[in-house]
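Below: the structure, in structure tokens.
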Amino acid sequence: MFKSLINNWNKKKLSDDRFTFLFDEGNDDEIVVFDCETTGLDPKQDDIISIGAVKIKNNKIFLNDALHLYIKQEKEIDHKSITIHQIRNCDLDGAIPLREAIERFLYFIGNKTLAGYYLEFDVAMINKYTKEMLGITLPNSQVEISSIYYNKKIQTIPQGNIDLRFNTILKELSLPRLHAHDALNDAVMTAMMYLKLKNIKKL
Numbered sequence: 001m002f003k004s005l006i007n008n009w010n011k012k013k014l015s016d017d018r019f020t021f022l023f024d025e026g027n028d029d030e031i032v033v034f035d036c037e038t039t040g041l042d043p044k045q046d047d048i049i050s051i052g053a054v055k056i057k058n059n060k061i062f063l064n065d066a067l068h069l070y071i072k073q074e075k076e077i078d079h080k081s082i083t084i085h086q087i088r089n090c091d092l093d094g095a096i097p098l099r100e101a102i103e104r105f106l107y108f109i110g111n112k113t114l115a116g117y118y119l120e121f122d123v124a125m126i127n128k129y130t131k132e133m134l135g136i137t138l139p140n141s142q143v144e145i146s147s148i149y150y151n152k153k154i155q156t157i158p159q160g161n162i163d164l165r166f167n168t169i170l171k172e173l174s175l176p177r178l179h180a181h182d183a184l185n186d187a188v189m190t191a192m193m194y195l196k197l198k199n200i201k202k203l
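The opening residue of the sequence shown carries number 1 in the UniProt record's numbering; numbering runs sequentially from there.
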């Protein structure tokens, strides 16, 4: 009820009718896992460099329908930022404008549930641009992978200190580690986490 009221209020602020589909009732059988590589960790100050996303349906990750976008930057990428995500300025040859990237991302996710690792940050980064471009924030339902892991793990060590680091979860679930700090690879690894956690009762 409360979420419905918020979404209705959010929808009234939509300034572009092309994106009304974002507010359609979602289908729980299909979700989108996504990840952003950014210039830093402050959504107010930093920018998105790349977006990776994959769809999950019927317990399958659809890699042949993945989204991987590089975004043109208005200024040079800082050296400290490069040491984290390994994306250099020369790697952005052929990158697309920000508005195009956000629109392509929105068409890709549609009204589907979104999942991710510390998803709140990635959603905040996307919302920074959707507010400016469309007047809205993402209305999609959201699933936090680290929360699912925590809820499974706490059953076995209720008084324990649970390590929620990405690589720890990956190792605990016996999943392969792809090349890190690549938005698409991170999305794929997170999607594997989601499926593994969804299909086991406890860790």
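Note that the Cβ used here is the ideal one computed from N, Cα and C, for glycine as well. Values in this document were obtained by computation on a predicted structure and should not be read as measured data.
{"query": "The region 102 to 112 touching the region 127 to 147, judged by at least three CB pairs closer than 8 Å", "result": "yes"}
{"query": "Distance, Ile148 Cα to Arg165 Cα", "result": "13 Å"}
{"query": "Buried versus exposed call for Asp47 [16 or more other C-beta atoms within 10 Å across all chains shown]", "result": "buried"}
{"query": "Nonlocal neighbours in the same chain, by C-beta distance under 6 Å from Lys11, ignoring five residues either side", "result": "Phe23"}
{"query": "The region 176 to 186 contacting the region 124 to 132, beta-carbon criterion three pairs below 8 Å", "result": "no"}
{"query": "Three-state secondary structure (DSSP) of Tyr70", "result": "strand"}
{"query": "Nearest candidate by alpha-carbon position, reference Asn27, set Phe105, Glu103, Ile56, Glu100", "result": "Ile56"}
{"query": "Nearest residue (CA-CA) to Leu197, options Lys72, His68, Lys152", "result": "Lys152"}
{"query": "Distance between beta carbons of Asp35 and Asp163, contact taken as under 8 Å", "result": "That pair is no contact at about 20 Å."}
{"query": "Distance, Gly116 Cα to Lys128 Cα", "result": "18 Å"}
{"query": "Beta-carbon separation (whole angstroms), Tyr194 vs Val33, contact threshold 8 Å", "result": "6 Å"}
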